[in-house]
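Under our numbering, the first residue of the sequence shown is numbered 1155, with each subsequent residue one higher.
Read the structure below first, then the notes.
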Amino acid sequence: MTTRPLRRAAIVSPIRTAVGKFGGALAPLEAGELGAIILKALVERTGIDAARVDDVIFSQGYGSGEAPCIGHWSWLAADLPLEVPGYQLDRRCGSGLQALANAAMMVQTGNADMVAVGGVESMSNVEHYTTDLRDGVRAGNVTLHDRLTRGRVMSQPIERFGVIAGMIETAENLAKDYGITREEADAFAVRSQHNAAAAWDAGKFDDYLVPVSVPQRRGEPVIFDRDEGVRPDASVESLSKLRALEGKTNPDAIVTAGNASQQNDAAAACLVVGEDMLEEMGVEPIAWFTGWAGAGCDPSRMGIGPVPAVERLFRQTGMGWDDIGMIELNEAFAAQVLAVLKGWGWSRDDARMDILNVNGSGISLGHPIGATGLRILADMTHEMQRRKVQYGLETMCIGGGQGLAAIIERAA
């Protein structure tokens, strides 16, 4: 048996749709349809021979019986070659980044030459479900769960950790642990909104954003091509008027709809290609996948996950903060981000704030769970090209108590 040395995994043509708000412009499209749209755009923009794709990896946080194994389902729905296989994975908020890591490992080890990677979520269309009817019900009531809210409550075993009402509770725990105030959280949320608005005004997303034709009940389809949750007029004063979401049960609560991420719909994708196959496939890389790491943490404080994940990543790669020129830390909650920064040992006026989430993140652009990791990748790699940054760090917390992180190198 012969072995081949590990080769570099190239990231090619990261693209995304605009992000729709919950029940918003993209709501008429199911997740599988969004996946097909982004895959078709990826093939068209790169000009690849789709039959040369070895596998399709798609991430989704809220899998659906309407499009099972959504990587393969969306590939087929895009009318792409039958011979290409595909699968679906779920690492909650880190799903998109994990899909990228899986593809990179396949390419690095020679198990694939080219992999199509995608992430998709239609939170507007997540099902309600019941576990009461498989064996029938003679009498009494049937419980119908909202998969969105139920998934947050059940993201860890209740028998071990007790009931954690949802991710808001975990953010409030971090706010208390790290002394994060409502004013600080609101100020960070405003920063996110203003950064996103400035990025849109500067046309930073134009080149790689995929417009989506959305069917309407009446009339012609509408083209959706702008992130729906950005609020350019957000201010600390306006956010201060919002009530805390857990204010009735927690008088010290600071998390509001204004300083938390949104529920969203979107899709994003890229190719991962072996370095030695780039010329043959006819594509050029925008970046290289350098390394990744995951770490677990207390589910009741899941937002701190990026701290141990980045620590492990730096230890594995031998790199450190001095090597990093751009940082994308997904904004599940402003309180969570600020707690992570303290956990990293950053000061309040740390100079690295200038390279953190420079074009907004989950609070402003949105957090379509399964698509977020690749949405971040698309935004970060293109900004790295503009700024000529060599290394970027992408990291996020994960419901249930995890963190995930990866280092991306800009292609010269």
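Don't be surprised by glycine CBs; every beta carbon is placed ideally from N, CA and C.
Cβ separation of residue i and residue j, assumed to be a contact under 8 Å, to the nearest whole Å
i: Val1426; j: Ala1566; result: Contact doesn't hold; Cβ gap of about 18 Å is too wide.
i: Ala1493; j: Tyr1332; result: 4 Å
i: Glu1324; j: Arg1199; result: The amino acid at residue 1324 is misidentified as Glu; the sequence shows Thr. No, Thr1324 and Arg1199 are not in contact; Cβ-Cβ is about 38 Å, not under 8 Å.
i: Ser1218; j: Gly1189; result: Not really, about 11 Å apart at Cβ, beyond 8 Å.
i: Val1461; j: Trp1498; result: 6 Å
i: Gly1524; j: Gly1273; result: 5 Å
i: Gln1214; j: Ala1255; result: Not confirmed; about 16 Å, so no contact.
i: Gly1174; j: Glu1374; result: Wrong, their Cβ atoms sit about 18 Å apart, outside the cutoff.
Euclidean distance between Cα positions of residue i and residue j
i: Glu1281; j: Phe1176; result: 14 Å
i: Glu1563; j: Gln1539; result: 10 Å
i: Ala1559; j: Cys1247; result: 12 Å
i: Asp1244; j: Ser1276; result: 14 Å
i: Glu1400; j: Met1308; result: 19 Å
i: Gly1357; j: Val1166; result: 21 Å
i: Val1376; j: Thr1171; result: 14 Å
i: Lys1194; j: Gln1416; result: 27 Å
i: Ala1205; j: Asp1452; result: 44 Å
i: Phe1487; j: Glu1429; result: 37 Å
i: Gly1474; j: Glu1220; result: 43 Å
i: Ala1135; j: Arg1506; result: Because the chain is modelled from 1155 through 1566, residue 1135 falls outside the range shown and cannot be assessed.
i: Pro1311; j: Ile1458; result: 19 Å
i: Lys1544; j: Ile1561; result: For the record, residue 1544 in the displayed sequence is Gln; it is not Lys. Each residue's alpha carbon lies about 10 Å from the other.
i: Ala1388; j: Arg1372; result: 33 Å
i: Gly1264; j: Leu1160; result: 7 Å
i: Asn1279; j: Thr1410; result: 24 Å
i: Pro1386; j: Leu1287; result: 47 Å
i: Val1390; j: Leu1510; result: 20 Å
i: Gly1316; j: Thr1403; result: 18 Å
i: Ile1592; j: Lys1542; result: The displayed coordinates of the chain run from 1155 to 1566. Any statement about residue 1592 would go beyond what the structure contains.
i: Thr1526; j: Asp1503; result: 27 Å
i: Tyr1216; j: Val1238; result: 24 Å
i: His1521; j: Ala1266; result: 30 Å
i: Glu1187; j: Ala1343; result: 32 Å
i: Ile1440; j: Asp1360; result: 16 Å
i: Cys1223; j: Ser1249; result: 14 Å
i: Leu1230; j: Leu1302; result: 27 Å
i: Ile1318; j: Gly1546; result: 33 Å
i: Gly1472; j: Gly1516; result: 29 Å
i: Glu1438; j: Arg1345; result: 34 Å
i: Ile1334; j: Arg1292; result: 51 Å
i: Leu1251; j: Val1512; result: 19 Å
Closer than 8 Å to chain B by CB, residue i
i: Glu1429; result: Here there is only one protein chain, and chain B is not present.
6 Å Cβ shell around residue i - same chain, five flanking residues per side excluded
i: Ala1163; result: Ala1258, Val1261, Gln1262, Val1426, Phe1443
i: Ala1407; result: Glu1326, Ala1398, Glu1400, Gly1401
i: Gly1225; result: Val1210, Ile1211, Phe1212, Gly1240, Tyr1241, Gln1242
i: Asp1379; result: Ala1172, Pro1365
i: Leu1298; result: His1282, Thr1284
i: Pro1168; result: Cys1424, Leu1531, Ala1532, Thr1535
i: Ala1414; result: Phe1487
i: Arg1158; result: Gly1264
i: Glu1433; result: none
i: Trp1446; result: Ala1255, Ala1560
Spatial neighbours of residue i in its chain, beta-carbon cut-off 8 Å, leaving aside the 5 residues before and after
i: Val1384; result: Gln1347, Ala1350, Ala1351, Trp1354, Gly1514, Ser1518, Leu1519
i: Asp1476; result: none
i: Ser1394; result: Arg1336, Glu1337, Asp1340
i: Met1268; result: Ile1202, Arg1206, Val1207, Asp1208, Val1261, Leu1425, Val1426, Val1427, Gly1428, Met1431, Met1435
i: Lys1330; result: Asp1406
i: Ala1253; result: Ile1211, Phe1212, Ser1213, Leu1243, Val1271, Gly1272, Gly1273, Gly1527, Leu1528
i: Ser1392; result: Gly1412
i: Ile1191; result: Thr1171, Leu1183, Ala1232, Val1364, Val1366, Ala1421
Proximal residues to residue i (C-beta, below 7 Å), its chain only, five neighbours per side dropped
i: Gly1201; result: Gly1436
i: Gly1450; result: Gly1555, Gln1556
i: Ala1270; result: Leu1193, Leu1196, Val1207, Val1210, Ala1423, Leu1425
i: Arg1306; result: Gly1320, Met1321, Gly1553
i: Gln1490; result: Ala1325, Leu1328, Gly1457, Cys1551
i: Leu1396; result: Thr1410, Ala1411, Gly1412
i: Arg1304; result: none
i: Asp1300; result: His1282
Identify every run of the alpha helix (DSSP H) within the segment 1278-1346, keeping only runs that are complete inside it and at least 4 residues long; order them along the chain. 1301-1307, 1312-1315, 1321-1332
Tell me, please, whether the segment 1450-1468 touches the segment 1526-1541 by the rule of three or more beta-carbon pairs shorter than 8 Å. no
Within the segment 1179-1254, ranges of the alpha helix (DSSP H) (whole runs, at least 4 residues): 1185-1200, 1224-1231
Touching by the beta-carbon criterion (3+ pairs, under 8 Å), the segment 1512-1532 and the segment 1365-1372: no
Report yes or no: do the segment 1415-1425 and the segment 1175-1190 share at least 3 C-beta pairs separated by less than 8 Å? yes
Ignoring anything shorter than 3 residues, give me the beta strand (DSSP E) runs that lie fully in the segment 1521-1549, in order along the chain. none
Pair every Cβ in the segment 1202-1210 with every Cβ in the segment 1230-1237, then say whether three or more of these pairs are closer than 8 Å. yes
Tell me whether the segment 1468-1488 and the segment 1541-1559 touch, counting them as touching only if at least three CB pairs, one residue from each stretch, are closer than 8 Å. yes
List, from N- to C-terminal side, the alpha helix (DSSP H) runs of 4 residues or more that fit wholly inside the segment 1451-1482. 1460-1471
Runs of beta strand (DSSP E) lying entirely within the segment 1351-1426, each at least 3 residues, in chain order: 1366-1368, 1376-1378
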